[in-house]
Every structure is written in structure tokens, then in C-alpha cells.
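With the sequence shown counted from 1, adding 13 to any position gets you our numbering.
Beneath this line is the structure, given in C-alpha cells, with notes to follow.
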Amino acid sequence: MEPGGFSPRVTNPESRTMRTPFLAANWKMFKTVDQTVAYLHEFCALAADVAGAEIVVAPPFTALRAAAEVTRGTNVGIAAQDCYWEREGAFTGEVSAAMIKDAGAGYVIIGHSERRRLFGDTDDWVNRKLNAVLANDLTPIVCIGETLEERDANQTLAVLDRQIEAAIAGLTHAQIGSLVIAYEPVWAIGTGRNATPAQAGEAHAHIRARLRGAFGQAAADACHLLYGGSVKPENIKDLMALEDVDGALVGGASLTAASFFAIVTGAVSSV
Ligand code: PGA
Numbered sequence: 014m015e016p017g018g019f020s021p022r023v024t025n026p027e028s029r030t031m032r033t034p035f036l037a038a039n040w041k042m043f044k045t046v047d048q049t050v051a052y053l054h055e056f057c058a059l060a061a062d063v064a065g066a067e068i069v070v071a072p073p074f075t076a077l078r079a080a081a082e083v084t085r086g087t088n089v090g091i092a093a094q095d096c097y098w099e100r101e102g103a104f105t106g107e108v109s110a111a112m113i114k115d116a117g118a119g120y121v122i123i124g125h126s127e128r129r130r131l132f133g134d135t136d137d138w139v140n141r142k143l144n145a146v147l148a149n150d151l152t153p154i155v156c157i158g159e160t161l162e163e164r165d166a167n168q169t170l171a172v173l174d175r176q177i178e179a180a181i182a183g184l185t186h187a188q189i190g191s192l193v194i195a196y197e198p199v200w201a202i203g204t205g206r207n208a209t210p211a212q213a214g215e216a217h218a219h220i221r222a223r224l225r226g227a228f229g230q231a232a233a234d235a236c237h238l239l240y241g242g243s244v245k246p247e248n249i250k251d252l253m254a255l256e257d258v259d260g261a262l263v264g265g266a267s268l269t270a271a272s273f274f275a276i277v278t279g280a281v282s283s284v
């Protein structure tokens, strides 16, 4: 990571509540059912003794059921990478939040920048999907983040505001507290170029302040804010040192059990 003027994690327990480190593996369109089962057997054995972290793996839809079965009774949760907001109907190719729950998953990633950029997901769709996920008692992992053009045009914070406001429109204070929000600068995803601590710290502090302003201290403090974009075993500790970074959404470096486990242990040991 580049050196930067970032503030270390504030440990004054009176100033904020503790949030459990949250590590999520976003596999994207990788791994068959057999590969999923083999990975999870290996990973669950490695992570069996990890306490004090929320660990989630997001395989493709086709492997959700098998993943849920392998991880049943372990400390590893399963997420879908997207969902549709209707419960059922004539929506060829779509998968509902209710179906994801039925498959055994407990979490859903919503609004990933690849969904927004390649498949046309809008801010309004993200809001609809978020409501469907919450209505099914699943935990949403909502992705937001600016493109390089938006950052260069000094619009990063305005873009984050727009995406957050649209995503959470109509939510209650209690629902805000259960949210997981992933800040993923689009230019850092899959590029090997992660945000500097100063950049990540600024974005995360802004998001937390925004939630605090709209929903109050308790709801904002309870919400988990993840960083995503080229997270690796080598940079997780610097990221976790930032006051408002509560964990990570990991793509490429989550594809081997050993690498994702190294990220989990790095995160847990740095809090
Ligand atoms: P990356 O992907 O870790 O490969 O950059 C992160 C993501 O897209 O969630």
C-alpha cells in the first residue's frame, strides 16, 4: 500500500460499538459444484478455530445448495452474488431472494459494480433488491463505489451519496443497523491497484457520517462497512487499521482457500 496520512483504528470503546470483522469472498463466475465443495472442505477446516469474525463465501447460484450443505454447522456463511426482487413469475433467467433462502444461503451481494456496468443494474433496482433481501430475512451486502472518471472529476463523495441514498430509501433505523455496505472503487476491482489508506479512510468515514446524519449514531455504528478492490493477504492489515473499515469483500484473492484464509487471519489479528 502507498504510504498515506491515515488515522489508525480508534479503540476507545465509549466512542463506538464493536463491530465483528466481516470477510466476504466474492467468487464471481468461477467454480463448479465439485470445485466449490472441495474449496469449502479445505477452507472450513482451516477456519474452524477462528472466533470473532463473520466469514461469508459467495459462489455462483448453481453451487449455493451444495455450499450451504458443506458449511452447515460451521462458522462460514453462504451468500448469493445477486437476486431479483420479485418472489416468482415470468422472469426468465432470474433468481429470487426467496429461492436463495430456500437454497440455504444467508446473505446476498447487491449492486456489485459488474452488475451495474455490464448488466444495467440501476440505483432503483438496488433498492428493490435490497428490500427483497430484507423481506426474506437475509443479510444484504450492498456495493457502492465510483469509477476512475468520477474520481478524477472530484465526484467520489457525491457518487457515494447518490448510491447510498437510492439504495436505502425507505429503510428503517433497525434495518440500517443490519446492513453490510461494501465500498468498492471500480478502478480498484481486479486491477491490482487498491485504494490508498487515505482514499479508503476518507470514503468510509464519509459513508459512516452520512448514515449517522440520516439514521443516528446507534444505527450507523451497527452497520458494517467493508472495503473491496484488490484486497490481498499483504494489504488487509493496513485496511483493517482504518477506523471505519470493518472488513473486506474479496474477489480474486478469495479463489484459493489458503489465500482467503490468510486474509481472514490477517483481519482478525489486526483488531
Ligand atoms: P477483486 O474484486 O478483489 O478481485 O479486486 C473485488 C470485488 O469485485 O468484489
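In this text, a Cβ means the ideal position worked out from N, Cα and C, and glycines have one as well.
Express the C-alpha separation of residue j and residue i in angstroms, rounding to a whole number.
i	j	result
E107	Y97	6 Å
D234	S126	25 Å
A179	A227	13 Å
T105	R164	36 Å
L239	I220	11 Å
D47	A171	43 Å
T84	R225	35 Å
A79	N149	20 Å
N140	G214	25 Å
H237	A103	35 Å
I91	T135	25 Å
V50	N248	28 Å
Q176	K114	26 Å
G119	I189	17 Å
Here's a check: name, in chain order, each residue in its chain whose Cβ is nearer than 8 Å to the Cβ of residue i, leaving out the five neighbours to either side.
i	result
T204	G242, S243
P246	A266, S272, A275, I276, G279
A218	E256, D257
A61	T87, N88
V146	C96, A110, V121, I123, T152, P153
L36	A66, E67, I68, V69, G260, A261, V263, F273, I276, V277, A280
L173	I157, G158, E159, Y196, A216, H219, I220, R223
Three-state secondary structure (DSSP) at residue i?
i	result
N285	Given a span of 14 to 284 for the chain in the structure shown, any question on residue 285 remains unanswerable.
T152	strand
S109	strand
G242	coil
L255	strand
L36	strand
E247	coil
E27	Because the pLDDT of E27 is 38, which lies under 50, any placement of that residue in the model is unreliable, and the number read from its coordinates should be weighed accordingly. Residue state, collapsed to three classes: coil.
G260	strand
A270	helix
A116	helix
V284	coil
A103	coil
Tell me, to the nearest whole angstrom, how far the beta carbon of residue i is from that of residue j; I am working on the premise that it is less than 8 Å.
i	j	result
G260	A280	6 Å
F43	L268	6 Å
V155	L131	At roughly 18 Å, the Cβ-Cβ gap does not stay under 8 Å, so V155 and L131 are not in contact.
G158	H186	Not quite, the Cβ-Cβ distance comes to about 25 Å (not below 8 Å), so this is no contact.
Could you pull out every residue in the same chain whose Cβ sits closer than 6 Å to the Cβ of residue i, ignoring the five residues on either side in sequence?
i	result
W200	L161
R29	Low confidence applies here, because R29 scores a pLDDT of 36, under 50, leaving its location unreliable and the question unanswered by this model.
F74	V108
Between which residues of its own chain and residue i is the CB-CB distance below 7 Å, once the five residues before and five after are set aside?
i	result
T33	G65, A66, E67
S282	none
A116	L77, R78, A81
A270	Y52, E55, F56, L59
E101	S109
R128	D95, D134
Inside the segment 154–237 only - beta strand (DSSP E) runs reaching at least 3 residues: 193–196
Ordered list of beta strand (DSSP E) runs contained in the segment 52–90, each at least 3 residues: 67–71
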